[in-house]
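Visitor: My structure is below; once you've seen it, I'll send some questions.
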Amino acid sequence: MGEAVARFKMIREGDRVAVGLSGGKDSVTLLEALLLLQKRAPIHFTVCAFTVEQGKFLRPIAPFGEYLKSRGVDWTYKTDAPSLRLIDEVPDHGCDMCSRFRRRAVYEIARGLGANVIAFGHTADDFCESFLRNAMFTGRISALPAVTYSRKKDFRLIRPLVYVNEQITTEYAASLGAPVIPCGCSQKTGTVRRTLRDIFKDLEKEHPHIQTSILSALGNIQPQRLLDTRYLDLEAGEEQESSSELFPVLTAALTES
Ligand code: SF4
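Structure follows, in structure tokens:
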């Protein structure tokens, strides 16, 4: 995580980082890792945490709150009423709508916490999966941004676990004894996400470094070998062509003189 934080300049002097806790192993790992980093980093920053209740937790959140209290974490837990209404009114809403609701709630909470940075627990698995999903289903070469800004630029949004895979977060969260509160959606089958995860799992049996390789590919783009004309120097050939067309004319002119 430290490598990612430094490489993408995720955290800077004086930042107040609000960690989005989903109740899962990834975000709790992120929180603990940031608390460790806070002690060791040469810069000063503060960390707080929050959870948005969207009505999807399968177990009571209380044990999670107790765990955080025992760790001395400054945690805010907020029920998002519009999300609960959404579940009632549009029960089969998709992820797009759900995340739009969550994003609004997240910004509101982070603002209330006085944070200028919001940290999300997306892992290396999520980056690889979103890269494949975009390429295979939306016709785009893109993954998740490791660092980006909210539309109004009031928050830096960071994903420090970009190089940390879920095998590590699973083991780390278990070693902490952190209670994991599953979300109803994590149990869904037949989703693109689940299919891609299964494909990865299958491929990794024979090629254990696939994920590492995709991650390095994301940081090693060769646009001239892709088909996006915005990144191709299509004029270069013309220059050469026109000079090669001119060459015989010039030679003839010189010979005549
Ligand atoms: S997986 Fe569930 S909680 Fe996550 S964005 Fe989709 S609908 Fe919302």
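The opening position of the sequence shown corresponds to residue 841 in the working numbering, with each subsequent residue numbered one higher.
Where a beta carbon is used, it is the ideal one built from N, C-alpha and C, also for glycine.
Given the structure is predicted, the values throughout are model-derived calculations rather than measurements.
Using 6 Å as the cut-off, classify the Cβ of residue 781 as near or not near the heavy atoms of ligand 1, replying yes or no.
Guide: The structure shown does not extend to residue 781, since the chain spans only 841 to 1097, so no value can be given for it.
Visitor: Could you work out which residue in 973, 916, 846 is closest to residue 882 when comparing CA atoms only?
Guide: Within the sequence shown, the letter at position 42 stands for residue 882. Comparing Cα-Cα distances from residue 882 to each of 973, 916, 846, the minimum goes to 846.
Visitor: Would you mind sorting residue 894 into buried or exposed? The rule is 16 or more other CB atoms within 10 Å of its CB.
Guide: Start at 1 with the first residue of the sequence shown, and residue 894 comes out as number 54. Buried.
Visitor: Using the Cβ count rule (16 or more neighbours within 10 Å means buried), how would you classify residue 876?
Guide: If you number the sequence shown from 1, residue 876 lands on position 36. With fewer than 16 Cβ atoms within 10 Å of its Cβ, residue 876 is classed as exposed.
Visitor: Which term fits residue 862, buried or exposed, when burial requires 16 or more other beta carbons within 10 angstroms of its beta carbon?
Guide: As a working mapping, residue 862 is identified with position 22 in the sequence shown. Flag for residue 862 reads buried.
Visitor: Can you name, in chain order, every residue of its own chain whose Cβ lies under 8 Å from the Cβ of residue 1097, other than the five neighbours on each side?
Guide: As a working mapping, residue 1097 is identified with position 257 in the sequence shown. Confidence is the limiting factor: at residue 1097 the pLDDT is only 47, short of 50, which leaves the residue's position unreliable, though a coordinate-based value still follows. Nothing listed; no residue qualifies.
Visitor: So if DSSP puts residue 1006 in a beta bridge, which residue, or which two residues, is it bridged to?
Guide: Taking the first residue of the sequence shown as 1, we reach residue 1006 at position 166. Looking at the DSSP assignment, residue 1006 forms no beta bridge with any residue, so it has no partner.
Visitor: Below 8 Å CB to CB, which residues in the same chain sit around residue 941 once its five sequence neighbours on both sides are set aside?
Guide: Residue mapping note: residue 941 aligns to position 101 of the sequence shown, counting from 1. So the list reads 894, 920, 922, 923, 926, once near-sequence residues are dropped.
Visitor: In whole angstroms, what is the alpha-carbon distance linking residue 1035 and residue 974?
Guide: By 1-based counting over the sequence shown, the position of residue 1035 is 195. By 1-based counting over the sequence shown, the position of residue 974 is 134. The straight-line gap from Cα to Cα measures roughly 14 Å.
Visitor: Is residue 1018 closer than 7 Å to residue 917 when the C-beta atoms are compared?
Guide: As a working mapping, residue 917 is identified with position 77 in the sequence shown. As a working mapping, residue 1018 is identified with position 178 in the sequence shown. Cβ atoms of residue 917 and residue 1018: not closer than 7 Å.
Visitor: Between which two residues does the beta strand (DSSP E) harbouring residue 957 extend?
Guide: One-based indexing of the sequence shown puts residue 957 at position 117. First-last of the beta strand (DSSP E) with residue 957: 957-959.
Visitor: Taking DSSP as the reference, what is the three-state secondary structure of residue 997?
Guide: Along the sequence shown, read from residue 1 onward, the residue named residue 997 stands at position 157. Looking at residue 997 - three-state DSSP - the assignment turns out to be strand.
Visitor: At which residues does the beta strand (DSSP E) containing residue 969 begin and terminate?
Guide: Working through the sequence shown from its first residue, we reach residue 969 at position 129. Element bounds for residue 969: not the beta strand (DSSP E) but the alpha helix (DSSP H), 964-973.
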